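Enquirer:
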Amino acid sequence: KGPAAVPNVPVPSAVPQLEGLCSFLQLSTCPEQLLVRFCSWLLALTPDLSYASAAVLAERLFLKRVLSLTQPPSRHLMAALTSFCSKYSQPFCQVLVAPVLREPGEGAEQTKLLCELVEECLEPDYVRLVLSQVLEVPLSERLLPVVLAVLGRQQSSPLPFLSQEALPPELFDLLVLTLCRQAPAFATSLSYAKLVTAVLTMYQSHVS
C-alpha cells in the first residue's frame, strides 16, 4: 500500500489520526516518484490543509529525506519539495528549515537546498523567516551561503531597502549585530567577507 491509493482516502483533520495515516502509508520512505504524485494530490485539496496538518505532512514527507541527503536531491524530490513549499511555506519553514539549521556537521547538500528554496521558491515574507531562523542559531560557515541567498533576493532592486524583498529594520539590525559579534570567529573566512561586503553595498546608507 502506498500513496498511489491516497486519493481515495480523506485527509484526517485531527493531528494524531493524520500521523497514523502517514505511518500506515509509510510516507517517510515511499518512492520519490510516488511522493510527487501524493504532493500533487495534496495541493489540489479544498479547503487547504490547516497549519497543524501541513506541519505534520512536511515532517513526515520531507524531514528524514532532507537530513539524510549526501548528494543533490533527485528531480522528483525537488519537485515535491518546491510544490509543497510554495503552498504551505510557513509550516514548511518551521518544521523543515529549523531542524536543518540546527543539524550538526557540514550539511553541504542541505545548505545548497536551503539556498535554492530561498532563491527560487519562497515568497519574501518566508525568506525573511528563514533569515530570522538562521540568526537564532550560532552562525557557522555552512550557514553563511543561506544569508547570502537572502540578500541575493534584493540585488535586482536599485533601492533594496525600499523593495518588497527588504529586510525589516529589526531583522537588519539583528543581522548586523550578529555579523559584528561573530567577526573574530570568521577572520579568515572568504564567505564571511563576501557577506559583509554585500551588506555594506546594499545598505550603505543604513550602516554606520
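Residues 6 to 213 (the numbering used here) are what the sequence shown spells out, left to right. Cβ coordinates follow ideal geometry from the N, Cα and C atoms, glycine included. Predicted model, so just to flag it, every value in this text is computed and none were measured.
#1: Leaving out the 5 sequence neighbours to the left and right, which residues in its chain are closer than 8 angstroms to THR75 when beta-carbon positions are compared?
#2: Can you list, in chain order, the stretches of the alpha helix (DSSP H) that have 4 or more residues and sit fully within the region 42 to 107?
#3: Report yes if the C-beta distance between GLU37 and LEU82 is below 8 angstroms; otherwise report no.
#4: Buried or exposed: PHE29, going by 16 or more other Cβ atoms within 10 Å of its Cβ?
#5: Quick one: grab the DSSP three-state call for ARG158.
#6: My guess is that VAL3 and VAL152 are in contact by the Cβ rule of under 8 angstroms, so how many angstroms apart are they, rounded?
#7: In the DSSP assignment, find the alpha helix (DSSP H) that holds PRO129 and state where it starts and stops.
#8: Can you have a look at GLN31 and say buried or exposed, based on whether 16 or more other CB atoms are within 10 angstroms of its CB?
#9: Around the Cβ of PRO189, are there at least 16 other Cβ atoms within 10 angstroms (buried) or fewer (exposed)?
#10: On the CB-based measure, 16 or more other CB atoms within 10 Å of its CB, does GLY112 come out buried or exposed?
#11: Go ahead and label THR193 buried or exposed: buried means 16 or more other beta carbons lie within 10 angstroms of its beta carbon, across all protein chains shown.
#12: Can you list, in chain order, the residues of its chain whose CB lies under 6 angstroms from that of VAL216, leaving out five sequence neighbours each side?
#13: Is it right to say LEU182 is buried, meaning 16 or more other beta carbons lie within 10 angstroms of its own, or is it exposed?
#14: Pull up the distance between the alpha-carbon of ALA84 and that of GLN187, whole angstroms please.
#15: Just verifying my parser: in three-state terms, what is the DSSP assignment at VAL152?
#16: Going by C-alpha to C-alpha distance, which of THR116, THR87, ARG80 and LEU23 sits closest to ARG147?
#17: Please tell me whether PRO104 and LEU68 are closer than 8 angstroms, where the distance is taken between their beta carbons.
#18: Which same chain residues, not among the five before or five after VAL102, have their C-beta less than 7 angstroms away from its C-beta?
#19: Based on Cα-Cα distance, which residue from LEU156, PRO109, LEU47 and GLN159 lies nearest to SER91?
#20: Let me make sure I understand the geometry here. Which of GLY157, LEU144 and PRO96 has the alpha-carbon closest to that of GLU125?
#21: I need the DSSP call for PRO21, collapsed to helix, strand or coil.
Expert: According to the structure data:
#1: GLU114
#2: 56 to 63, 69 to 72, 80 to 92, 94 to 97 and 103 to 107
#3: Contact flag set, yes.
#4: exposed
#5: coil
#6: The first residue shown for the chain is 6 and the last is 213, placing residue 3 beyond what the model contains.
#7: 129 to 139
#8: Exposed.
#9: exposed
#10: Result: buried.
#11: exposed
#12: Past the boundaries of the shown model lies residue 216; the chain is included only from 6 to 213, so the question cannot be answered.
#13: exposed
#14: 36 angstroms
#15: If DSSP states are grouped into helix, strand and coil, VAL152 belongs with the helices.
#16: THR116
#17: yes
#18: If the five residues before and after VAL102 are omitted, its C-beta is found closer than 7 angstroms to the C-beta atoms of LEU119, VAL135 and GLN138, all from its own chain and listed in chain order.
#19: LEU47
#20: GLY157
#21: helix
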